[in-house]
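J.:
In this note's numbering, the protein residues as written are 4 to 466.
(1) Anyone know if the C-beta pair for residue 280 and residue 234 falls short of 9 angstroms?
(2) Just to confirm the assignment, what range does the alpha helix (DSSP H) spanning residue 145 have?
(3) Drop a sphere of 10 angstroms on the beta-carbon of residue 204, count the other beta-carbons inside from all chains shown, and report buried for 16 or more, exposed for fewer.
(4) Determine the extent of the beta strand (DSSP E) in which residue 171 is found, giving its start and end residues.
(5) I need the boundaries of the beta strand (DSSP E) containing residue 442, first residue and last residue.
(6) DSSP puts residue 318 in a beta bridge; with which residues?
(7) Kindly list the residues whose CB is nearer than 6 angstroms to the CB of residue 342, restricted to its own chain and excluding five residues on each side of it in sequence; keep chain order.
(8) How about residue 294 and residue 319: do their beta carbons lie closer than 9 angstroms?
(9) Would you list, in sequence order, the uninterrupted alpha helix (DSSP H) runs of no fewer than 4 residues that lie entirely inside the stretch 211-242?
(10) To the nearest angstrom, how far is the alpha carbon of residue 288 from that of residue 311?
(11) On the DSSP bridge assignment, give the partners of residue 129 in chain order.
(12) Contact check, residue 348 vs residue 373 under 8 angstroms by CB: the rounded distance?
(13) Please report the straight-line C-alpha distance between residue 5 and residue 333, rounded to a whole angstrom.
(14) Sort 207, 177, 369, 397 by Cα distance to residue 80 and report the nearest one.
(15) Return the chain-ordered list of same chain residues with a C-beta closer than 6 angstroms to the C-beta of residue 199, the five sequence neighbours on each side being excluded.
(16) Thinking C-alpha only, which one of 145, 291, 399, 123 is nearest residue 1?
(17) Would you decide whether residue 104 is buried or exposed? Buried here means 16 or more other CB atoms lie within 10 Å of its CB.
(18) Going by alpha carbons, who is nearest to residue 85 out of 254, 355, 306, 157?
(19) With contact counted as at least three CB pairs below 8 angstroms, one residue from each stretch, are the stretch 115-132 and the stretch 48-57 in contact?
(20) Could you check whether the stretch 445-461 touches the stretch 381-400, counting it as contact only if at least three pairs of C-beta atoms, one from each stretch, sit closer than 8 angstroms?
(21) Is it the case that the Cβ atoms of residue 362 and residue 108 are separated by a distance below 9 angstroms?
(22) Hey, could you find the ends of the alpha helix (DSSP H) residue 362 is sitting in?
(23) Just verifying my parser: in three-state terms, what is the DSSP assignment at residue 462?
(24) Within a Cβ cutoff of 8 angstroms, which residues of the same chain sit near residue 448, ignoring the five residues on either side of it in sequence?
(25) Keeping to the same chain, check which residues put their C-beta closer than 7 angstroms to that of residue 229; ignore five residues upstream and five downstream.
(26) Give the straight-line distance between the Cα atoms of residue 189 and residue 317, rounded to the nearest whole angstrom.
(27) Where does residue 191 land, buried or exposed, given buried means 16+ other C-beta within 10 angstroms?
(28) When the distance is taken between beta carbons, is residue 177 closer than 9 angstroms to residue 194?
(29) For residue 101, collect the residues of the same chain with a Cβ closer than 6 angstroms to its Cβ; drop the 5 residues on either side in sequence, then sort them by chain order.
(30) In the DSSP assignment, find the unbroken alpha helix (DSSP H) run with residue 446 in it and report its ends.
(31) Starting from the C-beta of residue 284, find all residues in its chain whose C-beta is less than 6 angstroms away, skip the five residues before and the five after it, and write them out in chain order.
(32) Look up residue 158 in the DSSP assignment and say whether it is helix, strand or coil.
(33) Of the residues 151, 164, 291, 458, which one's Cα is nearest the Cα of residue 139?
(34) DSSP state of residue 137, grouped into three classes?
(35) Excluding the five sequence neighbours on either side, which residues of its own chain have a C-beta within less than 8 angstroms of the C-beta of residue 47, listed in chain order?
(36) Give me, in chain order, the residues of the same chain whose beta-carbon lies closer than 6 angstroms to that of residue 380; leave out the 5 immediate sequence neighbours on both sides.
In structure tokens, the structure reads:
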């Protein structure tokens, strides 16, 4: 039985898991009509980040730099910054803990250290967009037109349509790129997702970059050979999830695995939930899979894992989120592997996580240093500050984004956040991840592989 506290934890993480899944997989097709994939697949030439970045810019063309001298938010030697993010959903559950505090903590640390090039930063606050496009638009407008911010850090609204406005007004925005406001090239040159491209499949006409990090992190963490893995990929009955599952299967076969099951039998958003996952579990087991990889949310992972186990499945299970709030429920996910794409996990202690934790405490925040909201927000502010330090001449919003769009490599933030490269980050995924495992007896998430580069980028024809 799962108690009320557990239900709340699962519901609170639903949005996180869906977004992480979207961030991990590109949209392209590989499976046959019966949901299986085993024929040889040519993935094309594997590319490291540098090669993929070069090819992306060749295909998209150079950024046509925005002109102007926007100094909104520049008050002498003080830069005003604000944030807009999904803090809580419509039910009041906090999906992304720390999503505002991370940025505030990083800017305050910069101030304590004397600022950047003589400038300090005034944080005007962070408004909750609540997963509502109207709230997002109103919050952004208030930040830009009333509070006169130089930029938005973070801007992490999952349901939003303010990309045109932000770019027309020359407002730099940095955050977790979980909305289409980050999807584009010249028309989105003021937007910078700390996780690079998140399900932006239409930027390069007819093609999409795809990373093998998910599967290769599993292989590295378990020591298994591709030929010994027969994988089942399970998704939600929604277009994005269905395409993700197909992409995953194509990548698996291309790497030398078998993919006897690639289906999306779990009802998607808005559909009545399943009362019994046993038929799905039996279908998966009948395929002969010894790895089940699910790109679905925690609310569906729990009953799926339970059904697999009760039906006799003894193979591995791989999921794509490891939020610290799931640790108390580890007994229900015992021995399940979890890959954290784009950012790390504080189950790997480090000076970086200690610094983030100290910075949070310095602003009175109780947020977990390892939470996805904290890391993406803190990382977004760190990217902003690194680019700001490279401005030559007068400080304007156009000067800031030109630094990034001229060719900018942001190094990994220790083992907390993957690096990124610009402007190619608008079309590339990320080849770095961490791998952890749930330990039911300890009620804990335990370390397997710390944040590092796994796999390569591949350029697929879009579905």
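Note that CB positions come from ideal geometry on N, CA and C, so glycine has one too.
T.: By the coordinates alone:
(1) For this step, residue 280 is matched to residue 277 along the chain shown. For this step, residue 234 is matched to residue 231 along the chain shown. No.
(2) Sequence index remark: in the chain shown, residue 145 carries index 142 (1-based). Run containing residue 145: none; DSSP gives neither H nor E here.
(3) Position 201 of the chain shown, counted from the first residue, corresponds to residue 204. If you draw a 10 Å sphere on the C-beta of residue 204, you find 16 or more other C-beta atoms in it, and that means buried.
(4) Numbered from its first residue, the chain shown carries residue 171 at position 168. Counting along the chain, residue 171 falls outside any beta strand (DSSP E), though it belongs to the alpha helix (DSSP H) covering 166-171.
(5) For the purposes of this step, residue 442 is taken as the residue at position 439 of the chain shown. Segment 435-442, the beta strand (DSSP E) holding residue 442.
(6) Along the chain shown, one-based indexing puts residue 318 at 315. Answer is none; residue 318 lacks a bridge partner.
(7) One-based indexing of the chain shown puts residue 342 at position 339. Correct list, in chain order: 217, 220, 323, 436, 438.
(8) Against the chain shown, residue 294 aligns to sequence position 291. Against the chain shown, residue 319 aligns to sequence position 316. Yes, the Cβ-Cβ distance between residue 294 and residue 319 is below 9 angstroms.
(9) 216-225
(10) Taking the first residue of the chain shown as 1, we reach residue 288 at position 285. Taking the first residue of the chain shown as 1, we reach residue 311 at position 308. Rounded to the nearest angstrom, the two C-alpha atoms are 8 angstroms apart.
(11) The residue given as residue 129 occupies position 126 in the chain shown. According to DSSP, which records beta bridges pairwise, residue 129 is partnered with 86.
(12) The residue given as residue 348 occupies position 345 in the chain shown. The residue given as residue 373 occupies position 370 in the chain shown. With a Cβ gap of about 6 angstroms, residue 348 and residue 373 count as contacting.
(13) As a first step, residue 5 must be located in the chain shown, where it is residue number 2. As a first step, residue 333 must be located in the chain shown, where it is residue number 330. Note that residue 5 scores a pLDDT of 34, beneath 50, so its modelled location is shaky and nothing firm can be said.
(14) For the purposes of this step, residue 80 is identified with residue 77 of the chain shown, where counting begins at 1. The candidate whose alpha carbon is nearest that of residue 80 is 397.
(15) Walking along the chain shown from the start, residue 199 turns up at place 196. Hits under 6 angstroms: 423, 428, 431, 433.
(16) Residue 1 cannot be examined here, being either before or after the span of the chain that is shown, 4 to 466.
(17) Residue 104 sits at position 101 when you count from the first residue of the chain shown. Buried: at least 16 other Cβ atoms inside 10 Å.
(18) Looking up residue 85 in the chain shown gives position 82. The residue with the shortest Cα to Cα distance from residue 85 is 157.
(19) The stretch 115-132 vs the stretch 48-57: no contact.
(20) no
(21) By 1-based counting over the chain shown, the position of residue 362 is 359. By 1-based counting over the chain shown, the position of residue 108 is 105. Yes.
(22) The residue you call residue 362 lines up with position 359 of the chain shown. From DSSP, the alpha helix (DSSP H) with residue 362 extends over 354-365.
(23) As a position in the chain shown, residue 462 is number 459, starting the count at 1. Under the three-state reduction of DSSP output, residue 462 falls in the strand class.
(24) Here residue 448 refers to the residue found at position 445 when the chain shown is read from its first residue. Counting only Cβ-Cβ distances below 8 angstroms, and skipping sequence neighbours, we find 325, 327, 329, 330, 333, 341, 348, 350, 439, 440, 441, 442.
(25) Taking the chain shown and counting its residues from 1, the one referred to as residue 229 is at position 226. If the five residues before and after residue 229 are omitted, its C-beta is found closer than 7 angstroms to the C-beta atoms of 222, 258, 259, 260, all from its own chain and listed in chain order.
(26) Mapped onto the chain shown, residue 189 falls at position 186. Mapped onto the chain shown, residue 317 falls at position 314. Residue 189 and residue 317: Cα-Cα distance of roughly 49 angstroms.
(27) Taking the chain shown and counting its residues from 1, the one referred to as residue 191 is at position 188. The residue in question, residue 191, is buried, as its Cβ has 16 or more Cβ neighbours within 10 Å.
(28) Taking the first residue of the chain shown as 1, we reach residue 194 at position 191. Taking the first residue of the chain shown as 1, we reach residue 177 at position 174. In this structure, residue 177 lies closer than 9 angstroms to residue 194 by Cβ.
(29) On the chain shown, position 98 is the one that residue 101 refers to. Excluding sequence neighbours, residue 101 sits near 370, 374, 376, 377.
(30) Reading the chain shown from its first residue, position 443 is the one you call residue 446. Counting along the chain, residue 446 falls outside any alpha helix (DSSP H), and DSSP gives it neither H nor E.
(31) Mapped onto the chain shown, residue 284 falls at position 281. Same-chain partners within the cutoff: 310, 311, 314.
(32) One-based indexing of the chain shown puts residue 158 at position 155. Residue 158 falls in the strand class under three-state DSSP.
(33) Residue mapping note: residue 139 aligns to position 136 of the chain shown, counting from 1. Looking at the Cα atoms, 164 is the closest of the given residues.
(34) Counted from its first residue, the chain shown places residue 137 at position 134. In the structure shown, residue 137 sits in a helix (DSSP, three-state: H, G or I).
(35) If you number the chain shown from 1, residue 47 lands on position 44. Excluding residues within five positions, the ones whose Cβ falls inside 8 angstroms are 461, 462, 463.
(36) Counting from 1 along the chain shown, the entry for residue 380 is found at position 377. Same-chain partners within the cutoff: 102, 105, 106, 157.
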